[in-house]
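Chemist: Under this note's numbering, the letters of the sequence shown match residues 204 to 343, in that order.
Ideal placement from N, C-alpha and C gives every residue a C-beta, glycine not left out.
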Amino acid sequence: MLYYLMHRFYLWHIPLLPRIIMLIIRVVYGAFIPYQVRIGPGVNFSHCMGIVIAPGARLGSRVKIRQQVTIGSGHAVIGDDVEFGAGAKVIGSVRIGNRVKIGANAVVIHDIPDDATAVGVPAKVVMISGKRVSNDGSLE
């Protein structure tokens, strides 16, 4: 709720209020969510502690983000209905498709297609649309 207010002030070119709200979010929730980030409707921060989102990131609708998630260092584009496990990291300007699940502590450095599940360090796609993906990248 505070984010949407902060972002609205930013769009209205009111310079001081977004920064004050950003500092309140950082102190109260321990999260760094800059006012430049574009976040779609229905985004859910399950436990805000330790969440970091880079200013150039774009989050789609109904994204679920758990504690200690970092979406940083680039212009990452997150699709709709994406779930991030606790401690997941997105590094660089990657695209994460719609209806994707990112496992806990996974480190995403490459694009993830729609309807996929990615786990590991670095994150590898292990399922697409409920079908397992073999080591060579083909569906089983």
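Quick one: is residue 269 buried, meaning 16 or more other Cβ sit within 10 Å of its Cβ, or exposed?
Modeler: Within the sequence shown, residue 269 is the residue found at index 66, counting from 1. That one is buried.
Chemist: Would you call residue 231 buried or exposed, if buried means 16 or more other Cβ atoms sit within 10 Å of its Cβ?
Modeler: Stepping through the sequence shown from its first residue, residue 231 is reached at position 28. Classification of residue 231: exposed, given that the 10 Å Cβ count is below 16.
Chemist: Determine the contact status of residue 293 and residue 309, defining contact as a CB-CB distance below 7 Å.
Modeler: Counting from 1 along the sequence shown, the entry for residue 293 is found at position 90. Counting from 1 along the sequence shown, the entry for residue 309 is found at position 106. Not closer than 7 Å, so no.
Chemist: Can you tell me where the beta strand (DSSP E) with residue 330 in it begins and where it stops?
Modeler: Counting from 1 along the sequence shown, the entry for residue 330 is found at position 127. Its beta strand (DSSP E) spans residues 327-331.
Chemist: Could you round the C-beta distance between residue 312 and residue 325 to whole angstroms and report it? I think they count as a contact, below 8 Å.
Modeler: As a first step, residue 312 is located in the sequence shown; it is residue number 109 there, counting from the start. As a first step, residue 325 is located in the sequence shown; it is residue number 122 there, counting from the start. Their Cβ separation, rounded to whole angstroms, is 5 Å, which keeps residue 312 and residue 325 in contact under 8 Å.
Chemist: Three-state secondary structure (DSSP) at residue 256?
Modeler: Working through the sequence shown from its first residue, we reach residue 256 at position 53. Of the three classes helix, strand and coil, the one that applies to residue 256 here is strand, per DSSP.
Chemist: For residue 264, which option in 273, 279, 250 and 243 has the closest C-alpha, if you only look at C-alpha atoms?
Modeler: Reading the sequence shown from its first residue, position 61 is the one you call residue 264. Nearest of 273, 279, 250 and 243 to residue 264, Cα basis: 243.
Chemist: Can you tell me whether residue 209 is buried or exposed? The criterion is at least 16 other CB atoms within 10 Å of its CB, across all chains shown.
Modeler: As a working note, residue 209 is residue 6 in the sequence shown. Looking at its Cβ environment, which holds 16 or more other Cβ atoms inside 10 Å, residue 209 is buried.
Chemist: If I'm right that residue 299 touches residue 277 with Cβ under 8 Å, what's the distance once you round it to whole angstroms?
Modeler: Position 96 of the sequence shown, counting from 1, holds the residue named residue 299. Position 74 of the sequence shown, counting from 1, holds the residue named residue 277. In fact, because the Cβ distance is near 12 Å, the residues do not count as touching under 8 Å.
Chemist: On a CA-only basis, which of 297, 291, 206 and 318 is nearest residue 238? Give me that one, please.
Modeler: Residue mapping note: residue 238 aligns to position 35 of the sequence shown, counting from 1. If we check each option's Cα against that of residue 238, 206 comes out closest.
Chemist: Can you have a look at residue 333 and say buried or exposed, based on whether 16 or more other CB atoms are within 10 angstroms of its CB?
Modeler: Within the sequence shown, residue 333 is the residue found at index 130, counting from 1. By the Cβ-count criterion, residue 333 is exposed, with fewer than 16 other Cβ atoms from all chains shown falling within 10 Å of its own Cβ.
Chemist: Short check: CB of residue 307 to CB of residue 319, under 7 Å?
Modeler: Taking the sequence shown and counting its residues from 1, the one referred to as residue 307 is at position 104. Taking the sequence shown and counting its residues from 1, the one referred to as residue 319 is at position 116. No. Outside cutoff.
Chemist: With burial defined as no fewer than 16 other Cβ atoms inside 10 Å of the residue's Cβ, what is the status of residue 217: buried or exposed?
Modeler: Here residue 217 corresponds to residue number 14 of the sequence shown, with the count starting at 1. Residue 217 is exposed by the Cβ-count criterion.
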